[in-house]
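Chains as they are written, first to last, in the numbering used here: chain A, 1 to 300; chain B, 1001 to 1315.
A short worksheet on the structure shown next.
What follows is the structure, given as structure tokens:
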């Protein structure tokens, strides 16, 4: 039972990181019908940018709430700018092109970001400092919860609730939903589609940046090619939940995190990805558009 | 004979004479190019012709390679005898694994096939059946022996791969003018319309996967013999992405396009090996630029044209 509860905590932590990354995939897919293969590499980039920002600005002064918040805000801002540039340069020229052309462009963009990280920070693993968060540990009947885990769960819950309210309760959110349903009709209603796409990339990239920083803080070791691994898991999470669907991405992320943790705890982490994709294929066989995805007929 | 056919014949003749003036390092690159172009054509049957978003093709390529490697090193089969299983095993595996997911829409199929490739790699690395050699792979694969002769020089390998490419091109040409090819053409244009005209979309898409997997398996067998070793990383998702990109960068459903794509995506990185670290950066930029400038690939098939075999008697 202890293993189960411990893996439950670990799984929810990883799951909420997956969910944050999955939101970036699902929002872009919802609006542009494009798998943004470069998103995972943006997440990796944010780990490295965050590390550099932290070591340059606060290495000597110790940690304070202000320092940590500054690192997060600064990194998120940089990654958001990169995300917007990515859309401008690699995706916008292809918006009317065949869909697979944009997929190849996204794969190319991922390659560019990944190799830029390698050229700037080197091919070796970098280690994140351990003193960003206090090393407090709570031991509840043998189940260990760290301060970092609490921070991850808390921050991601707040961000997800905020995003949900933003999408469903504000005028801008309504515009985003309108563009996702029908771009042309939205344009006729006076919505600036380019601006909406830009906002999507700002939000998606910033959420990915937060996840990337937490990945660095939680796992400590970061490598230039880790974006692919986390990106793929998060993307699978988005599909399991129903891609294009924001609550679906949150649900899919948490579910996949829990599933992975239980597989690692009870079977073997060497088979984790196999089980992940078997879960995906089984879900898709029975629910071809994901668990929370709407059953829509393809337009003829 | 049309002008395009003349050019194609000319290119083939030139390729046939390459061993006479290339040194052995470049000849090895040439052989690998031929093998990869066969894989790219088999990917094109599935992606370019049947229009199924398939990003796990390296798994079928690897199945063929591992079939040859395992049968030869563990069970002592001669290489010639492993050719048939190297084609049939990927075909059967493709039919079994793809049939439950063939109904998935575009992007979902893409991710599911990535998943198949990742499962394949994990099976190899974790050595599920104790015969795959784990992460190190399998070494010491024999050379082709026939008529008391060992086909082991680079030139021999080159010509074997060249013949395989010739067979592949023949199959592709035959497909184009067959019932299967016409069905593919229709499904790719509009699968719902095709279905309502009585074409069994599911059957033909699976057919495409089976043929594609079989051809990739044959290429895999050739690949295993050329390097006399196989290891999991030669067949991982990145390789699948490369085959996927080759078809789209070159021009899907276009024979010269796919060949050109293989040159751009495979041979050029070999040429620019000196730039070592930065080359994949350039490579990524080139992928973006190609797609922006030529969204349908470098040498696209002319879409909207009715193929000549449909035009007979309507002039």
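All residues carry an ideal CB built from backbone N, CA and C; glycine is no exception.
In this text the structure is predicted, and so the values were computed from the model without any measurement.
By Cβ distance below 6 Å, which residues in the same chain neighbour residue 1091(B) in space, the five residues on each side in sequence not counted?
Here residue 1091(B) refers to the residue found at position 91 when the second chain is read from its first residue. Only 1210, 1213, 1214 meet the Cβ criterion.
Quick check on residue 300(A) - is its C-beta less than 8 Å from some C-beta in chain B?
As a position in the first chain, residue 300(A) is number 300, starting the count at 1. Note that residue 300(A) scores a pLDDT of 44, beneath 50, so its modelled location is shaky and nothing firm can be said.
Have a look at residue 1315(B) and residue 1103(B) and give me their C-alpha separation to the nearest angstrom.
By 1-based counting over the second chain, the position of residue 1315(B) is 315. By 1-based counting over the second chain, the position of residue 1103(B) is 103. With a pLDDT of only 44 at residue 1315(B), under the threshold of 50, the placement of this residue in the model should not be trusted; the figure read from the coordinates follows. One C-alpha to the other measures close to 38 Å.
Three Cβ pairs or more, each shorter than 8 Å: is that satisfied between the region 1240-1248 of chain B and the region 1179-1196 of chain B?
no
Threshold first: 4 residues or longer. Then list the alpha helix (DSSP H) segments lying entirely within the region 1231-1262 of chain B, N to C.
1237-1250, 1255-1262
Alpha carbon of residue 299(A) to alpha carbon of residue 1041(B), nearest angstrom
Reading the first chain from its first residue, position 299 is the one you call residue 299(A). Reading the second chain from its first residue, position 41 is the one you call residue 1041(B). Bear in mind that a pLDDT of 48 at residue 299(A), under 50, signals an unreliable position, so the number given afterwards is only what the model happens to contain. Answer to the nearest angstrom: the Cα atoms are 30 Å apart.
List the DSSP bridge partners of residue 138(A).
Walking along the first chain from the start, residue 138(A) turns up at place 138. Bridge partners of residue 138(A): 145(A).
Since residue 1103(B) meets chain A, which of its residues come closer than 8 Å, beta carbon to beta carbon?
For the purposes of this step, residue 1103(B) is identified with residue 103 of the second chain, where counting begins at 1. Simply 288.
Which bits of chain A does residue 1278(B) rub up against, with CB to CB less than 9 Å?
Your numbering for residue 1278(B) matches position 278 in the second chain. Within 9 Å Cβ-Cβ: 115, 119.
Report the option in 278(A), 139(A), 170(A), 64(A) whose CA atom is closest to the CA atom of residue 131(A).
Position 131 of the first chain holds residue 131(A). Of 278(A), 139(A), 170(A), 64(A), the residue nearest in Cα terms is 64(A).
Against chain B: residues of the region 88-103 of chain A by CB proximity under 9 Å
89, 90, 93, 94, 96, 97, 98, 99, 100, 101, 102, 103
Kindly indicate if chain B contains any beta-carbon less than 8 Å away from that of residue 48(A).
Within the first chain, the letter at position 48 stands for residue 48(A). Not closer than 8 Å to any Cβ of chain B, the Cβ of residue 48(A) fails to qualify, so no.
What does DSSP give as the partner residue(s) for residue 1075(B) in the beta ladder?
By one-based count along the second chain, residue 1075(B) stands at place 75. Paired residues: none, contrary to the question.
Whole runs of the alpha helix (DSSP H) within the region 1094-1161 of chain B, excluding any shorter than 4 residues
1106-1125
At a Cβ threshold of 8 Å, is residue 1107(B) touching chain A?
One-based indexing of the second chain puts residue 1107(B) at position 107. So yes, residue 1107(B) belongs to the interface.
Just checking: is the beta-carbon of residue 1296(B) within a distance shorter than 8 Å of some beta-carbon in chain A?
Taking the first residue of the second chain as 1, we reach residue 1296(B) at position 296. By this cut-off, residue 1296(B) is an interface position.
Identify the residues that DSSP records as bridge partners of residue 221(A): which are they?
Position 221 of the first chain, counted from the first residue, corresponds to residue 221(A). Answer is 127(A).
Let me know the secondary structure DSSP gives residue 1229(B) once reduced to three states.
In the second chain, the residue the question calls residue 1229(B) occupies position 229. Residue 1229(B): strand per DSSP, three-state reduction.
Nearest CA to the CA of residue 41(A): which residue from 192(A), 292(A), 117(A), 122(A)?
Numbered from its first residue, the first chain carries residue 41(A) at position 41. Answer by Cα proximity: 117(A).
Taking only the alpha-carbon atoms, compute the straight-line gap between residue 1087(B) and residue 1064(B) and give it to the nearest angstrom.
Residue 1087(B) sits at position 87 when you count from the first residue of the second chain. Residue 1064(B) sits at position 64 when you count from the first residue of the second chain. Between residue 1087(B) and residue 1064(B), the C-alpha separation is close to 6 Å.
Verify the CB distance criterion: does residue 1285(B) have a CB-CB separation below 8 Å to chain A?
Position 285 of the second chain holds residue 1285(B). Output row for residue 1285(B): interface = yes.
Residues in its own chain within less than 6 Å of residue 1183(B) by CB, not counting five upstream and five downstream?
For this step, residue 1183(B) is matched to residue 183 along the second chain. 1199, 1204.
Does the structure place the region 16-23 of chain A close enough to the region 199-214 of chain A that three or more beta carbon pairs sit under 8 Å?
yes
Can you give me the Cβ contacts of residue 95(A) inside the same chain, cut-off strictly under 8 Å, excluding the 5 residues immediately before and after it?
Locating residue 95(A) in the first chain gives position 95, counting from the first residue. For residue 95(A), where only same-chain residues beyond five positions count, the Cβ hits under 8 Å are 32, 102.
Report the residue ranges of all alpha helix (DSSP H) runs contained in full by the region 166-233 of chain A; include only those spanning at least 4 residues, in chain order.
171-181, 183-188, 193-219
Is residue 1132(B) near residue 1056(B), with beta carbons less than 8 Å apart?
Translated into the one-based positions of the second chain, residue 1132(B) becomes position 132. Translated into the one-based positions of the second chain, residue 1056(B) becomes position 56. Not in contact: residue 1132(B) and residue 1056(B) (Cβ atoms no closer than 8 Å).
Is it buried or exposed for residue 1268(B), if we count other Cβ within 10 angstroms and need 16 for buried?
For this step, residue 1268(B) is matched to residue 268 along the second chain. Exposed: under 16 other Cβ atoms inside 10 Å.
In chain order, what residues of the same chain have a beta carbon less than 8 Å from the beta carbon of residue 1083(B), not counting five sequence neighbours either side?
Translated into positions along the second chain, residue 1083(B) becomes position 83. Within the same chain, residue 1083(B) has close Cβ partners 1068, 1218, 1221.
Option nearest residue 2(A) by Cα separation, candidates 144(A), 85(A), 39(A)
Taking the first chain and counting its residues from 1, the one referred to as residue 2(A) is at position 2. Among 144(A), 85(A), 39(A), the Cα nearest to that of residue 2(A) is on 144(A).
Would a check of beta-carbon distances place residue 1115(B) closer than 8 Å to chain A?
Looking up residue 1115(B) in the second chain gives position 115. Chain A, which has a Cβ nearer than 8 Å to the Cβ of residue 1115(B), makes this yes.
Which bits of chain B does residue 45(A) rub up against, with CB to CB less than 9 Å?
Taking the first chain and counting its residues from 1, one reaches residue 45(A) at position 45. Residues of chain B passing the Cβ test: none, with the nearest at roughly 14 Å.
Excluding sequence positions up to five away, which residues of its chain have a Cβ less than 6 Å from the Cβ of residue 29(A)?
As a position in the first chain, residue 29(A) is number 29, starting the count at 1. Excluding residues within five positions, the ones whose Cβ falls inside 6 Å are 243, 244.
Could you check the C-alpha separation between residue 155(A) and residue 228(A) for me, to the nearest Å?
To locate residue 155(A), count along the first chain from 1; it is residue 155. To locate residue 228(A), count along the first chain from 1; it is residue 228. Taking the straight line joining both Cα atoms gives about 24 Å.
Could you tell me the distance, in whole angstroms, from the CA atom of residue 125(A) to the CA atom of residue 223(A)?
Reading the first chain from its first residue, position 125 is the one you call residue 125(A). Reading the first chain from its first residue, position 223 is the one you call residue 223(A). So the alpha carbons of these two residues sit roughly 5 Å apart.
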